[in-house]
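Numbering (my numbering), first residue to last: 338 to 642.
We put the beta carbon where it would ideally sit given N, CA and C, even for glycine.
Remarks on the structure that follows.
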Ligand code: PSU
Ligand code: MN
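Encoded structure:
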């Protein structure tokens, strides 16, 4: 699969010289946010990573290649092109073979990052077990990837469009540590609280870097969830967002939305129903995750040498 990778000079140089690198996904750009906020966010987040001492590698698929790092015009393409496909593990062969353009989800970005030798990844929220997942079997491939792929994912927890309890149970079963970064509570993306705890609380990038180094030196393959709550000033109220999510779920059901369309549908509905307020929160938490991920990448890099 490595033959399919193609690097920007900035990322290749960083990897060759053993500098800290942070992976970023493209689904959040193509399917998670509208234009032009998506391209502004994508560029800004790359700069935040640089400002915190690491090199950003935004990952996406184009022209039969897995791009590790994207140019500004490629980022623009992911932000504007309406025919960008959403790519998870199962979609790699089709998208690469057909030469189509594909935005990578958390699962797909983890696969590409591991192939490229990148261990830290910043995103918004991970996929999980959907509500009523026990009936629909809608469980994000992100969880399976976290079970086996050696990449730490810095996120604001998972949205409560999901069944957070079952999501955490799945992660426990598969041996994925859920770390609360400066929190005892698993955050629910828009809100800092969820009613669920984390497995371990860590308070510094060095502590997280040491945990990652220890896990992988032990040969315990798999990812780590680093749950970093949205900054207080940008957080939405848990109960308010819950009502909105309930309405979004009802509409998804009425419209028979299934498969990979479910998550983008719910994200878009929540945005509409909060009159764009959720988008502001979404951008704020991604920026925060990027800064923390860069700091963790720096600390892990120093520890693992
Ligand atoms: N959660 C969000 N925003 C997102 C996603 C999840 O809050 O943009 C995206 C991520 O790319 C994630 C994917 O990997 O949705 C999960 O999709 P699915 O549930 O179809 O596996
Ligand atoms: Mn799904």
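Residues proximal to the ligand PSU by C-beta, any heavy atom closer than 5 Å: 364, 365, 369, 442, 443, 461, 462, 464, 477, 479, 496, 597, 600
C-alpha gap between residue 473 and residue 486, whole angstroms: Taking the straight line from one Cα to the other gives about 25 Å.
Check: residue 536 C-beta below 6 Å from any heavy atom of the ligand MN: With a cutoff of 6 Å, residue 536 does not count as near the ligand MN, since its C-beta is closer than that to no heavy atom of the ligand.
Where the beta strand (DSSP E) containing residue 422 begins and where it ends: For residue 422, the enclosing beta strand (DSSP E) has its first and last residue at 422-424.
Residue range of the alpha helix (DSSP H) that includes residue 343: Note, residue 343: premise wrong, no alpha helix (DSSP H); beta strand (DSSP E) at 342-344.
Where residue 497 falls, given that 16 or more other Cβ within 10 Å makes a residue buried: buried
Residue 428: CB within 6 Å of a non-hydrogen atom of the ligand MN: no
Distance, residue 385 Cα to residue 374 Cα: Near 16 Å, if we compare the C-alpha coordinates of residue 385 and residue 374.
Whole-angstrom distance between residue 592 and residue 361, CA atom to CA atom: 31 Å
Range of the contiguous beta strand (DSSP E) that encloses residue 404: 402-405
Span separating the alpha-carbon of residue 515 from that of residue 603: 24 Å
Under 7 Å between C-beta atoms of residue 436 and residue 397: The answer is no: Cβ separation not under 7 Å.
Beta-carbon separation (whole angstroms), residue 440 vs residue 626, contact threshold 8 Å: 18 Å between Cβ atoms; not a contact.
Same chain, Cβ closer than 8 Å to residue 582, five either side skipped, listed in chain order: 496, 497, 498, 603, 607
Inter-residue CB distance, residue 559 and residue 512 (contact presumed, cutoff 8 Å): 6 Å
Residue 538: first and last residue of the uninterrupted beta strand (DSSP E) it sits in: 537-539
Cβ neighbour criterion (16 or more within 10 Å) applied to residue 584: exposed
Simplified DSSP state of residue 361, which is helix, strand or coil: strand
Supposed close pair residue 526, residue 622 - CB separation, criterion 8 Å: 7 Å
N- and C-terminal bounds of the alpha helix (DSSP H) containing residue 498: That residue, residue 498, is in no alpha helix (DSSP H); it is neither H nor E in DSSP.
Alpha carbon of residue 368 to alpha carbon of residue 462, nearest angstrom: 13 Å
Proximity test, residue 475 beta-carbon vs the ligand MN heavy atom, cut-off 6 Å: yes
C-beta atoms of residue 444 and residue 412 nearer than 7 Å: no
Beta-carbon spacing of residue 565, residue 518 below 7 Å: yes
Beta-ladder partner(s) of residue 431, from DSSP: Paired residues: none, contrary to the question.
Identified DSSP bridge partners for residue 399: Per DSSP, the beta bridge partners of residue 399 are 402.
Cβ pair residue 432, residue 342 closer than 7 Å: no
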